[in-house]
Amino acid sequence: MTAVVDFVPGTAGRAVPTGLLIDGEWRGAADGRTFDVENPATGETIAVVADGGTADADAAIAAAAAAQSSWGRTAPRERGEILRRTFELVMERQDWLAEIMTTEMGKPFAEAKGEVAYAAEYLRWFSEEAVRIDGDAGISTDGRNRVVVTREPIGPCVLVTPWNFPLAMGARKIAPAVAAGCTMVLKPPQQTPLTSLALATILAEAGLPDGVLNIVTTSSAGTVVGRWMSNKNARKVSFTGSTEVGKILLRQAADNVMKASMELGGNAPFIVCADADLDTAVEGAIAAKMRNMGEACTAANRLYVHRSVMEEFSKRLAARMADLRVGNGMESETQVGPLIDDAGRSKVQQLVDDALSRGATAVTGGTMPEGPGYFYPPTVLTNVPADAKLMNEEIFGPVAPVIPFDDEDEMIEVANDTDWGLVGYVFTQDIDRAFDLSERLEVGMVGVNTGIVANPAAPFGGVKQSGLGREGGKVGIDDFLEFKYLTFPRRRGA
Ligand code: NAP
């Protein structure tokens, strides 16, 4: 059964499939079940998508396993060209993909277009990396053997992605897997499956062979992904999402001895030193806090500001935040869209209420508006005590807690006093201080005088409970490759 829906009449009128993609065929779920996809700006159902189960999961991984051998032997240039064509088609259809994303996820259309361009850059980057997979050659220590090291695709990969960056998180995994010659089973997020399905149509159009990318949308993530994680053909899992689910997958990966890459949660410190340029710091805070309505693993979660500039910084930040226009992401003036759902918004309100009850002050925002839609106002909190829950939890919303500091050493200790370590931000005009603080922060990435770190040319990822492995950059392909070593006796050995 092929299930499609004309989902975006506003742009090209191009149809988005709503089925499962297995071995190049769009199908309904084996048991005919479906689930609804909702627009968080209106609460309306926008599509009905196939709800895959165990039988579909099995069919998908069987297709990936069957396609691996021939796909793994395709010429690197051919794989690179498929990615290059995908990059071009994605950019040609930037508006189409952005509208799908805004409608199922809520982010403002301009931001969604930015995400399309960002995701496309991963496709382009890995189109270039596909032909640069190298090896090594040498002589054994005793001189008797030749040593030849090659790199091969690791094999069928399980990819699991979150709803907050529906296109980029998928592209960041699919692109290196294609470049390396791996086949895949992908489980997109339940709340934003349409973007992944739309991307799959483009990959097929660009020439990706049947069975290389298989997609199972589902409302039973644990069942479908669990099935894959216990399948002996699955050789690697690449997951982006919460630390809690990441730990479940790591346990399952251990049982199947699978390689695992984990892009997990964050609790980013954002540090404004006494000598920072305050205009730069405020704009950096807006970028680091408000990108994606604060629903980003890289979102500034705790803003540590030197006491000497605390009042001025908070005043300027609150003015900028209060000025941001909240609304439906498809309206051109909108700068802040809705949060993903009612549960996400209620969690933000609970964290704000908890901070207020412990003595924090809301300089702007802090109160949930009436529906429809899951909107939350940009909020700045000052006088936030160290024991407020939001100091140790991902807020995942447009709330900026500002905390003063006097002593750099104490501040760094507090900033590092968390299980997470994805990213940190440092604002200072002193290069030596910038390096010193960056080196002392226990994180995988540091933004110095900037609120945005993500970049396809750079290795994205965290330390501690923020993850394992890196996506993007020169090392991004490594997780999808396995070494093989060949040895040959030398005719004239030592
Ligand atoms: P999540 O609840 O962990 O879900 C992520 C994905 O895992 C979804 O596809 C989800 O499916 C699936 N899933 C849920 N339970 C599962 C299970 N038992 N077994 C297998 N898969 C399961 O996270 P989220 O709420 O979507 O995303 C927000 C989190 O992602 C935040 O913590 C954020 O920091 C993190 N994130 C990290 C990065 C990074 O690069 N480090 C980037 C973006 C987001 P359903 O949709 O069906 O629940």
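When we follow this note's numbering, the leftmost residue of the sequence shown carries the number 371, and every step to the right adds one. Yeah, the Cβ is synthetic: ideal placement off N, Cα and C, and Gly gets one too.
Residue state for residue 813 is assigned as coil, using DSSP reduced to three classes. About 15 Å separates the CB atoms of residue 543 and residue 562; that is not less than 8 Å, and the two are not in contact. Contact between the stretch 433–441 and the stretch 577–586 is present: 3 or more CB-CB pairs across the two stretches fall below 8 Å. In this model, residue 398 and residue 419 are separated by some 8 Å (Cα to Cα). A buried status is given to residue 841, since no fewer than 16 other beta-carbon atoms sit within 10 Å of its beta-carbon.
Contact between residue 599 and residue 528 is confirmed by a C-beta separation of about 6 Å, below the 8 Å threshold.
Per the C-alpha coordinates, the member of 517, 844, 484 positioned closest to residue 855 is 517. Under DSSP, residue 405 takes part in a beta bridge, and its partners are 419. The beta carbon of residue 742 is closer than 6 Å to those of 412, 413 in its chain, skipping five residues each way along the sequence. When the alpha-carbon of residue 559 is set against those of 588, 541, 572, 491, the nearest one is in 588.
Using a cutoff of 6 Å, the CB of residue 510 does not count as near the ligand NAP, since none of the ligand's heavy atoms is closer than that. DSSP, read as helix, strand or coil, puts residue 729 in coil.
In the DSSP secondary-structure assignment, residue 396 is bridged to 391. In this structure, the CA atom of residue 712 is about 12 Å from the CA atom of residue 739. The Cβ neighbour count for residue 737, taken over all protein chains shown within 10 Å, is under 16; the residue is labelled exposed. Residue state for residue 805 is assigned as helix, using DSSP reduced to three classes. In this structure, DSSP gives residue 608 an extended state, which the three-state scheme calls strand. Remark: fewer than three beta-carbon pairs, one from each stretch, lie closer than 8 Å, so the stretch 646–661 and the stretch 720–728 are not flagged as touching.
In the DSSP annotation of this structure, the continuous segment of the beta strand (DSSP E) that includes residue 530 starts and ends at 527–530. Shown here for residue 594: same chain residues with a beta carbon closer than 8 Å to its own, the five before and five after excluded, namely 422, 423, 424, 426, 427, 557, 586, 588 in chain order.
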